[in-house]
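As they're listed, the protein sequences go chains Z and B.
Residues 1 to 332, numbered by the working numbering, are exactly what the first sequence covers, in order.
Residues 1 to 332, numbered by the working numbering, are exactly what the second sequence covers, in order.
Yeah, the Cβ is synthetic: ideal placement off N, Cα and C, and Gly gets one too.
These numbers were taken from a predicted model, which means no experiment stands behind them.
2 protein chains.
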Amino acid sequence: MKKTQRRNRPTLQDIAREAGVSAATVSYVLNGTGSVSAAVQKRVRDTAKAVGYRVNHVARATRTGQTLSIGLILPDLSNPFFPELAQAVQSAAREAGYAVFLVDSEGTVETERDSADDLIRRGVEGIVWCPATEHDSLEEFRGDVPIVVVDRPLPNYDTISSDHYAGGALVADQVLALGHSHIAIVAGPQSLSRARQRRQGFVERIGDRAVIDWEVENPFTITLSDATQAKLRDNAATVIVCGNDFIALGVMRALHELGRNIPEDVSVIGFDDILWARHSIPGLATVRQPLTALGKEASALLIRRIMGDEAPVVNMSLATDVIVRGSLHAAN
Amino acid sequence: MKKTQRRNRPTLQDIAREAGVSAATVSYVLNGTGSVSAAVQKRVRDTAKAVGYRVNHVARATRTGQTLSIGLILPDLSNPFFPELAQAVQSAAREAGYAVFLVDSEGTVETERDSADDLIRRGVEGIVWCPATEHDSLEEFRGDVPIVVVDRPLPNYDTISSDHYAGGALVADQVLALGHSHIAIVAGPQSLSRARQRRQGFVERIGDRAVIDWEVENPFTITLSDATQAKLRDNAATVIVCGNDFIALGVMRALHELGRNIPEDVSVIGFDDILWARHSIPGLATVRQPLTALGKEASALLIRRIMGDEAPVVNMSLATDVIVRGSLHAAN
DNA sequence: CAGAAAGACTTAAACGTTTAAACTTTTTAC
DNA sequence: GTAAAAAGTTTAAACGTTTAAGTCTTTCTG
């Protein structure tokens, strides 16, 4: 299929001709570089406006080598965790004059790799990346362009993530403060570092100040494994600490079906504060990840790197907050 | 701050020099255009691989005028409706070789306008746009680049949206089939065309086959207005038809607090099938919008336009499906 | 075996900017 | 009133590609 010619946009040359000056002068005026007399400035600006001039960013980029764009590679937009992150990255980038190419890697390392390759061809000056797996699929690009990893620490990369360990400890503090002494844990997959850290932060803070009645591992989904469901049936703990909000909501649902009352019979607490945590019945107590700050910091750090900041690899972790809601009650 | 020089990437010239041919030949080889002897082809390809050549897409774009990129402007990524749409647009675009600039307009027409302006400077070949308001804030750009509006019909634009009217009618069919004769409506804001259409599709299909006990308007949020809550307190209808899932979930919560059982005492049905509809207790019956199809079609149509398809303005609406879940029951 | 056609490759222009360097005019300094 | 400095403007090269046109060589065709 042949592409039809759109209205050819006016160029610097067009303005130059119209205003009776050279293209260079027009460029100097429009960019505020160089010194140009007031009269010519006005003439140029007026004709630029008159013809509806818009700079051709692509042409500029070939000359300057700066595209003022970055890439954002996420594993799965339909996971409610990521849109807020994407929003923050995009808005911080925009404020710095950068545009964002969005890629949903669909959770595969191949797509991650191919997309990064494509993005670099397109001249992005940096990439914010949330890896789909623990595999370093962008290794080969590290020399080409700065890459900031977000949410999931990966060795050798600048990383911005929530302090999952401290978050777990916060949950422990809260649970202890409410007088719970019999605790159950439905942890996330311990193959994932964030799940491990959350659990560890919790368990270590609990120490011997309470008993962990039982513990089980469950995928980060609202659907519970048979093992988890079995544990719930026999549960005698007064609080169930979950690896994330999906699990927690699944647990709440299961408990509901088992006829247990939340929080009278048993408390539940999650992790992430996804949108629906506040809307469940009762509201789900949880740990809020600073998603917006995460995105902002990732953008900011990436742009510092782009600007040439050569500091050693940064590993930034951001504090989390416990959000107390109806699902969490004092032990009786 | 001074930008440090990243490793200068090898260019066509570098390969040409290395392989002892002209840059043109290298281009011909790598693009598969032109005719080049097998020997030279191999030599060129080998050196290209050896030096780790990647085409400079920006330079190519200045010459060809094609950036192979599109823009996607959405009002609010944190609304769970949009990520799935974004995902579909991006993935369809990628399959066609296009990359996607994502912009969250934060619901303001100024950001919409400014972003579109910026995107066009950046040479996007088209824009998929979900308008934040009913205001045509991109009017001035219509001549510059094809624009496809998604989800919210706007005159003079190619539009892809769900068939809200038909969806409303489907709800009516379902409700009638289950024998309900006393109906309540919590419609969305009737200033919004999609809310209007849903309501109208429903009401017209109901006709005189059932009574509409009461009706109220509520914002598209889970928080219910005082008026809505008052109506719910006195409700005697056997089914409550809601303008979207947020409203429906709010209604379910309110009914729960009023001690009404769903669906034994009263059924509830929503619209959109957001992620949480299936996870509420009971599951929320609703109408599924084909978000993925919506995004795919939008991408596809936009790319057709980019390719020069000059057909008159298209107004495509996609069929919806009723999803029956626990919140909807036969009338007793 | 001559002429034409095809094949292989190079040259050079073009895309729309930016920017260093050159040139011209005006201002400043003494 | 002249030399030097500053201000204003133009020229031309450069960014890394693509591609039309040109050149040279080989292969066909009759």
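Let me make sure I understand the geometry here. Which of the options has the alpha-carbon closest to that of residue i?
i, options, result
"Asp-104 of chain B", "B:Ser-35, B:Gly-97, B:Ala-96, B:Arg-113", "B:Arg-113"
"Ala-298 of chain Z", "Z:Asp-151, Z:Ser-327, Z:Val-251, Z:Ala-19", "Z:Asp-151"
"Gly-188 of chain Z", "Z:Ile-274, Z:Asn-235, Z:Thr-221, Z:Ile-15", "Z:Thr-221"
"Val-100 of chain Z", "Z:Gly-107, Z:Ile-73, Z:Arg-121", "Z:Ile-73"
"Val-239 of chain B", "B:Asp-173, B:Leu-328, B:Asp-226", "B:Leu-328"
"Val-89 of chain Z", "Z:Gly-126, Z:Leu-294, Z:His-180", "Z:Leu-294"
"Asp-76 of chain Z", "Z:Leu-119, Z:Ala-132, Z:Gly-52", "Z:Ala-132"
"Gln-289 of chain Z", "Z:Leu-318, Z:Arg-9, Z:Glu-134, Z:Pro-263", "Z:Leu-318"
"Ala-184 of chain B", "B:Ile-323, B:Glu-217, B:Val-51, B:Ile-212", "B:Ile-212"
"Arg-194 of chain B", "B:Leu-232, B:Asp-208, B:Leu-154", "B:Leu-154"
"Ala-330 of chain B", "B:Leu-302, B:Gly-308, B:Ser-267, B:Phe-271", "B:Ser-267"
"Val-324 of chain B", "B:Val-171, B:Gln-200, B:Arg-304, B:Glu-217", "B:Val-171"
"Gly-207 of chain Z", "Z:His-182, Z:Ala-227, Z:Asn-218", "Z:His-182"
"Gly-107 of chain B", "B:Gln-87, B:Gly-97, B:Gly-123, B:Cys-130", "B:Cys-130"
"Asn-381 of chain B", "B:Asp-136, B:Tyr-165, B:Ala-166", "No information on residue 381 of chain B is available, as it lies outside the stretch 1 to 332 that chain B covers here."
For residue i versus residue j, is the C-beta spacing smaller than 8 Å?
i, j, result
"Ala-248 of chain Z", "Phe-202 of chain Z", "no"
"Thr-67 of chain B", "Ala-59 of chain B", "no"
"Gly-326 of chain Z", "Gly-283 of chain Z", "yes"
"Thr-25 of chain Z", "Val-36 of chain Z", "yes"
"Ala-300 of chain Z", "Ala-92 of chain Z", "yes"
"Ile-306 of chain Z", "Glu-95 of chain Z", "no"
"Val-55 of chain B", "Val-40 of chain B", "no"
"Met-269 of chain B", "Thr-286 of chain B", "Position check: residue 269 of chain B holds Ile in this sequence, whereas Met was assumed. Cβ atoms of Ile-269 of chain B and Thr-286 of chain B: closer than 8 Å."
"Val-251 of chain Z", "Leu-224 of chain Z", "yes"
"Val-158 of chain Z", "Val-148 of chain Z", "Inspection of the sequence shows that residue 158 of chain Z is occupied by Asp rather than by Val. Cβ atoms of Asp-158 of chain Z and Val-148 of chain Z: closer than 8 Å."
"Leu-119 of chain B", "Gly-71 of chain B", "yes"
"Val-334 of chain B", "Val-216 of chain B", "This structure cannot settle anything about residue 334 of chain B, because the visible part of chain B is limited to 1 through 332."
"Arg-43 of chain B", "Ala-19 of chain B", "yes"
"Met-316 of chain Z", "Ile-127 of chain Z", "no"
"Leu-275 of chain B", "Ala-86 of chain Z", "no"
With a threshold of 16 other CB atoms inside 10 Å of the CB of residue i, please say whether the residue is buried or exposed.
i, result
"Ala-254 of chain B", "buried"
"His-57 of chain Z", "buried"
"Gln-5 of chain B", "At Gln-5 of chain B, the pLDDT of 47 sits below 50, so the modelled position is not reliable; the number obtained from the coordinates is stated separately. Answer is exposed; the Cβ neighbour count stays below 16."
"Val-175 of chain Z", "buried"
"Glu-139 of chain Z", "exposed"
"Ser-191 of chain B", "exposed"
"Asp-234 of chain Z", "exposed"
"Asp-163 of chain B", "buried"
"His-180 of chain B", "buried"
"Ala-230 of chain B", "exposed"
"Glu-257 of chain Z", "exposed"
"Lys-49 of chain B", "exposed"
"Ala-177 of chain B", "exposed"
"Asp-273 of chain B", "buried"
"Val-313 of chain Z", "exposed"
"Gln-197 of chain B", "buried"
"Arg-122 of chain B", "buried"
Does the CB of residue i have a neighbour CB from chain B at under 8 Å?
i, result
"Thr-67 of chain Z", "yes"
"Leu-275 of chain Z", "yes"
"Pro-83 of chain Z", "yes"
"Ser-91 of chain Z", "yes"
"Lys-3 of chain Z", "Note that Lys-3 of chain Z scores a pLDDT of 46, beneath 50, so its modelled location is shaky and nothing firm can be said."
"Gln-87 of chain Z", "yes"
"Gly-123 of chain Z", "yes"
"Phe-101 of chain Z", "yes"
"Ile-160 of chain Z", "no"
"Pro-10 of chain Z", "no"
"Ile-212 of chain Z", "no"
"Asp-208 of chain Z", "no"
Give a yes or no on whether the minimum CB-CB distance between residue i and chain Z is below 8 Å.
i, result
"Ser-78 of chain B", "yes"
"Arg-54 of chain B", "yes"
"Ile-281 of chain B", "yes"
"Ile-147 of chain B", "no"
"Ile-222 of chain B", "yes"
"Asp-104 of chain B", "yes"
"Ile-120 of chain B", "yes"
Positions along the region 248 to 267 of chain B whose CB lies within less than 7 Å of some CB in chain Z | Here the close residues are Leu-249, Arg-253, His-256.
Taking Cβ-Cβ distances below 8 Å as the criterion, which residues of the region 35 to 63 of chain B are in contact with chain Z?
-> Within the region 35 to 63 of chain B, the qualifying residues are Arg-54, Val-55, Asn-56, His-57, Val-58, Ala-59, Ala-61, Thr-62.
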